[in-house]
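Q: Handing you a structure now.
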Amino acid sequence: MAYKVKLDMFEGPFDLLVYLIENSEMNIYDIQVALITKQYLEYIEKIKYLDVTVATEFMLLAAILIEIKSKMLLPRLKPEGDFGFEEDPRAELVQRILEYKKFKQAAELLDRQEEYNQSIFEKLKEDLTQYTREPDEYLNLDIKQFAVAFNLFLNKKKKVEEIKKNYSRLERQKQSIEDRIKQIFKFIKENTQKKITFEQLLGENDGKYEKILTFMSVLEMIRLRTVNAKQTTAFGDIIIQMNEEKMRGQR
Amino acid sequence: MTSKKTIKSAFESMMFVWGEPLDVKVAAEIFNMNWKDAYDYFIELKEEYEQEGRGLQIREINKSFQFVTSFSNVEYIERLCTPIKEKRLTQQALEVLAIIAYKQPVTKGEIESIRGIKCDRVIEGLTKKDLIIEAGRSNAVGRPILYGTTDSFLGHFGFSNIKELPDIEDIAGAMNLDDPEELIETGQLEIEF
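These protein sequence lines map, in sequence, to chains V and C. Residues 0 to 250 in numbering that gives the first Met the number 0 are what the first sequence lists, from first letter to last. Residues 0 to 192 in numbering that gives the first Met the number 0 are what the second sequence lists, from first letter to last.
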């Protein structure tokens, strides 16, 4: 973490600059730019090896300092039509330093306030549910957030419904044909007459899937010659009978 | 009409139960009374506690009131239960916070131009600590986020409201400046909600 390496000492370019100016006891309105620039560059030279990213943040101000320094060397000309007002090349910099210093002071003030406040304790809100008759759960949202959340919910629901229109839900296969065959086999064997109708194989609550499954199973059993099936009239009862030969064979 | 004495006494009990800053509006609603009157009662209570030098004091945070311990008793509380001291904020965090507190709502760009250094990480940290909050967006190019301080900020530094921050020009005065006039930034931001 770059920030930790660096500036245990200086919090930024202005912090450094303010330090240099104060350290050499200069008047802020009459900065000796050459001297400060030299000191400033020396410092960057040092931190450059520690962390390039951080050093670059100091570069911009270094460039500004050098620019001002070179401007100071030039003879100052009164801009024409001006009422004798000379623009000091340092003016803008001074303003920025002052602006920074102002907030540095404010930060120090906050620091003192923070220290003071650490000696004051407050009580955390306790769990009051044991005193309340209805321990409601409060939704800690303002109305805007709530509206956004509610709209999201509605939109989501709408989308889900649209998708549902186009697709039907696939249920997991609950029972395989093989399982069903075993069940039917057992059912017929337990029946005293060894003869049942297809209707008997269906439970009351059987859905489409179960009905088809049962029918498929019966077809399979016919194919394997485990049972014989007869249907005397169209749409009439299907009578299923155990194939006696097969049964004997199995025994 | 409930007497003033009863109401003030009730407010005391309510603050005790509530723990956290109790909103004056909530308290006023309970007695179906004027907000301003309730506020005055709270202030009276606060002053009474101060005058009597009680071990509990009442602190105001943005029109809410709460019981806190008296500053002078910190030593005894520490002997009793060695409370964990919160980590203090770093200098850079305080600088950024100071800029936000005084210039709010303010963009990251403005903060960075004052400090001459990037401060994404610091802003992130302060947001996590709930000391600052995004307060809309500036109309400037790119619509940058504006930052402002929170009620937690007030509580953390013991200010009743943001106006209680010492005048920044007073601080500047302490630096013996010849012309503090120049310090005042004129650039006002338009805020859109």
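Cβ atoms here follow ideal geometry from the backbone N, Cα and C, with glycine treated the same way.
Starting from residue 147 of chain C, trace the alpha helix (DSSP H) in both directions and tell me its first and last residue.
A: The residue you call residue 147 of chain C lines up with position 148 of the second sequence. First-last for residue 147 of chain C: 144-148, but that is the beta strand (DSSP E), not the alpha helix (DSSP H).
Q: When the cut-off is 8 Å and only beta carbons count, does residue 134 of chain C lie next to chain V?
A: The sequence position of residue 134 of chain C within the second sequence is 135, counting from 1. It does not; no Cβ of chain V falls within 8 Å.
Q: Between which two residues does the beta strand (DSSP E) harbouring residue 137 of chain C extend?
A: Here the question's residue 137 of chain C lines up with position 138 in the second sequence. Start and end: 131-137.
Q: Can you tell me which of V:122, V:103, V:187 and V:149 puts its alpha carbon nearest to the alpha carbon of residue 14 of chain V?
A: Residue numbering aside, residue 14 of chain V sits at position 15 when the first sequence is read from its first letter. Nearest option by C-alpha distance: V:103.
Q: Excluding the 5 residues preceding and the 5 following residue 120 of chain C in the sequence, name in chain order all residues of the same chain whose CB lies nearer than 7 Å to its CB.
A: Sequence index remark: in the second sequence, residue 120 of chain C carries index 121 (1-based). Same-chain partners within the cutoff: there are none.
Q: Can you round the beta-carbon distance between residue 41 of chain C and residue 23 of chain C to whole angstroms, since I take them to be within the 8 Å contact cut?
A: For the purposes of this step, residue 41 of chain C is taken as the residue at position 42 of the second sequence. For the purposes of this step, residue 23 of chain C is taken as the residue at position 24 of the second sequence. At roughly 6 Å, the Cβ-Cβ gap stays under 8 Å, so residue 41 of chain C and residue 23 of chain C are in contact.
Q: So if DSSP puts residue 45 of chain C in a beta bridge, which residue, or which two residues, is it bridged to?
A: For this step, residue 45 of chain C is matched to residue 46 along the second sequence. In DSSP, residue 45 of chain C forms no bridge with anything.
Q: Consult DSSP for residue 116 of chain V and reduce its assignment to one of helix, strand or coil.
A: Here the question's residue 116 of chain V lines up with position 117 in the first sequence. It is helical.
Q: Does DSSP put residue 139 of chain V in a helix, a strand or coil?
A: Within the first sequence, residue 139 of chain V is the residue found at index 140, counting from 1. Here residue 139 of chain V sits in coil by DSSP.
Q: Pairs of beta-carbons, one from the segment 47-63 of chain C and one from the segment 154-170 of chain C, closer than 8 Å: are there three or more?
A: The answer is yes - the segment 154-170 of chain C touches the segment 47-63 of chain C, with three or more Cβ pairs under 8 Å.
Q: Quick one: grab the DSSP three-state call for residue 45 of chain V.
A: Here residue 45 of chain V is taken as the residue at index 46 of the first sequence, counted from 1. Helix, per DSSP.
Q: Look at the alpha carbon of residue 17 of chain V and the alpha carbon of residue 55 of chain V, and state the distance between them as a whole number of angstroms.
A: To locate residue 17 of chain V, count along the first sequence from 1; it is residue 18. To locate residue 55 of chain V, count along the first sequence from 1; it is residue 56. C-alpha separation (whole angstroms): 18 Å.
Q: Is it a yes or a no for the segment 100-111 of chain C touching the segment 138-145 of chain C, going by three-plus beta-carbon pairs under 8 Å?
A: The segment 100-111 of chain C vs the segment 138-145 of chain C: in contact.
Q: May I have the straight-line CA-CA distance separating residue 145 of chain C from residue 70 of chain V, to the nearest angstrom?
A: Against the second sequence, residue 145 of chain C aligns to sequence position 146. Against the first sequence, residue 70 of chain V aligns to sequence position 71. Approximately 36 Å, taken between the alpha carbons.
Q: Counting C-beta neighbours from all protein chains within 10 Å, is the total for residue 52 of chain C 16 or more, i.e. buried, or is it exposed?
A: Taking the first residue of the second sequence as 1, we reach residue 52 of chain C at position 53. By the 10 Å Cβ count, residue 52 of chain C comes out exposed.
Q: In the DSSP assignment, find the beta strand (DSSP E) that holds residue 140 of chain C and state where it starts and stops.
A: The sequence position of residue 140 of chain C within the second sequence is 141, counting from 1. Residue 140 of chain C -> no beta strand (DSSP E), and no H or E assigned at all.
Q: If you follow the alpha helix (DSSP H) that residue 13 of chain C is part of, which residue opens it and which one closes it?
A: Within the second sequence, the letter at position 14 stands for residue 13 of chain C. Run containing residue 13 of chain C: 3-17, per the alpha helix (DSSP H) assignment.
Q: State the start and end residues of the unbroken beta strand (DSSP E) segment that holds residue 176 of chain V.
A: In the first sequence, residue 176 of chain V corresponds to position 177, counting from 1. Not the beta strand (DSSP E): residue 176 of chain V falls in the alpha helix (DSSP H), residues 176-189.
Q: Hey, residue 53 of chain V and residue 63 of chain V are a contact pair by Cβ (cut 8 Å); roughly how many whole angstroms apart?
A: Walking along the first sequence from the start, residue 53 of chain V turns up at place 54. Walking along the first sequence from the start, residue 63 of chain V turns up at place 64. Contact flag wrong, Cβ pair sits at about 18 Å.
Q: In terms of residue numbering, what span does the beta strand (DSSP E) encompassing residue 229 of chain V cover?
A: Position 230 of the first sequence, counted from the start, is the residue given in the question as residue 229 of chain V. Start and end: 226-230.
Q: Which residues share a DSSP beta bridge with residue 86 of chain V?
A: For the purposes of this step, residue 86 of chain V is taken as residue 87 along the first sequence, with counting starting at 1. Residue 86 of chain V pairs with nothing; no bridge assigned.
Q: Where do the ends of the alpha helix (DSSP H) carrying residue 120 of chain C lie?
A: By 1-based counting over the second sequence, the position of residue 120 of chain C is 121. 119-127 is the span of the alpha helix (DSSP H), which, as asked, contains residue 120 of chain C.
Q: Taking the alpha-carbon positions, what's the residue 233 of chain V to residue 150 of chain V distance?
A: Against the first sequence, residue 233 of chain V aligns to sequence position 234. Against the first sequence, residue 150 of chain V aligns to sequence position 151. Going by the C-alpha atoms only, they are around 56 Å apart.
Q: Could you check the C-alpha separation between residue 181 of chain V and residue 228 of chain V for me, to the nearest Å?
A: What you label residue 181 of chain V is simply residue 182 of the first sequence in a count that begins at 1. What you label residue 228 of chain V is simply residue 229 of the first sequence in a count that begins at 1. Approximately 17 Å between the Cα atoms of the pair.
Q: Leaving out five residues before and five after residue 25 of chain V in sequence, what residues of the same chain have Cβ atoms less than 7 Å from its Cβ?
A: Against the first sequence, residue 25 of chain V aligns to sequence position 26. Same-chain partners within the cutoff: 31.
Q: Using DSSP bridges, identify the partner residues of residue 58 of chain C.
A: Translated into positions along the second sequence, residue 58 of chain C becomes position 59. DSSP output for residue 58 of chain C lists C:65 as bridge partner(s).
Q: I'd like the list of long-range same chain contacts for residue 122 of chain C, defined as Cβ closer than 8 Å, with 5 residues on each side in sequence excluded.
A: Taking the first residue of the second sequence as position 1, residue 122 of chain C is located at position 123. Contacts found: 95, 107, 110, 131 and 146.
Q: Between residue 195 of chain V and residue 187 of chain V, which are expected to be in contact by the criterion C-beta below 8 Å, what is the C-beta distance as a whole number of angstroms?
A: Here residue 195 of chain V is taken as the residue at index 196 of the first sequence, counted from 1. Here residue 187 of chain V is taken as the residue at index 188 of the first sequence, counted from 1. Contact flag correct, Cβ pair sits at about 6 Å.
Q: Judging by CA-CA distance, which residue of C:112, C:79, C:14 and C:9 is the nearest neighbour of residue 124 of chain V?
A: If you number the first sequence from 1, residue 124 of chain V lands on position 125. Among C:112, C:79, C:14 and C:9, the Cα nearest to that of residue 124 of chain V is on C:14.
Q: How about residue 236 of chain V: is its Cβ closer than 7 Å to a heavy atom in the ligand GTP?
A: In terms of ligand content, the structure shown is empty, and the ligand GTP therefore cannot be addressed.
Q: Is residue 21 of chain C helix, strand or coil when you go by DSSP?
A: For the purposes of this step, residue 21 of chain C is identified with residue 22 of the second sequence, where counting begins at 1. Strand at residue 21 of chain C.
Q: Could you tell me whether the Cβ of residue 78 of chain C comes closer than 8 Å to any Cβ of chain V?
A: Locating residue 78 of chain C in the second sequence gives position 79, counting from the first residue. Not closer than 8 Å to any Cβ of chain V, the Cβ of residue 78 of chain C fails to qualify, so no.
Q: Give me, in chain order, the residues of the same chain whose beta-carbon lies closer than 6 Å to that of residue 56 of chain C; leave out the 5 immediate sequence neighbours on both sides.
A: Taking the second sequence and counting its residues from 1, one reaches residue 56 of chain C at position 57. For residue 56 of chain C, where only same-chain residues beyond five positions count, the Cβ hits under 6 Å are 48, 67 and 69.
Q: Just the Cα atoms here: how many angstroms apart are residue 197 of chain V and residue 167 of chain V?
A: Counting from 1 along the first sequence, the entry for residue 197 of chain V is found at position 198. Counting from 1 along the first sequence, the entry for residue 167 of chain V is found at position 168. Answer to the nearest angstrom: the Cα atoms are 29 Å apart.
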